[in-house]
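Novice:
Numbering (this note's numbering), first residue to last: 14 to 124.
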C-alpha cells in the first residue's frame, strides 16, 4: 500500500496518521537516528493497521450486503457477490486516491 493510498484510506476510515513532516521534525529537534527510525517504523505500522481496518470495513459491508443468513459455509453465489463487491469498492478507492493525488499536484503547481 503506497503512502498516499494509506493517507486516503485512513482519512476516510477515521484514521489519525501522523504526517511525514511530523516524523521528519524529530530530526530537527535533536532526536537520534534510532529515534527517527523507530518513529518511521511506528508510522509504517500505523499505516498497515489503518489499511487493515479499511479492508475489514469493506469486507464487513460486502458480507452484510451479500449474505442473507450466514450458514456453516458460504454458497458460491455469496462468495462471488462478496468478491465482486470488494473489487468494486477497492477499485473505487484506488480511483479516489488517484484523483486526490492529481488534485494535490494541481494545487501545488498553482501556488
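A virtual CB, placed ideally from N, CA and C, is assigned to each residue, including glycine. What you are looking at is a predicted structure, and each value in this text was computed from that prediction instead of being measured.
(1) Could you check where the alpha helix (DSSP H) with residue 61 kicks off and where it finishes?
(2) Taking its Cβ as the centre, do 16 or more other Cβ atoms sit within 10 Å of residue 60, making it buried, or is it exposed?
(3) Would you tell me roughly how many angstroms separate the C-alpha atoms of residue 67 and residue 92, rounded to the nearest one?
(4) Quick check on DSSP: helix, strand or coil for residue 88?
(5) Can you give the Cα-Cα distance for residue 88 and residue 54, rounded to whole angstroms?
(6) Does DSSP put residue 82 in a helix, in a strand, or in coil?
Specialist: Reading from the atomic positions:
(1) Boundaries of the alpha helix (DSSP H) around residue 61: 46 to 79.
(2) Counting Cβ neighbours within 10 Å, residue 60 comes out buried, since at least 16 surround it.
(3) Approximately 20 Å, taken between the alpha carbons.
(4) Note: residue 88 maps to coil in three-state DSSP.
(5) In this structure, the CA atom of residue 88 is about 41 Å from the CA atom of residue 54.
(6) If DSSP states are grouped into helix, strand and coil, residue 82 belongs with coil.
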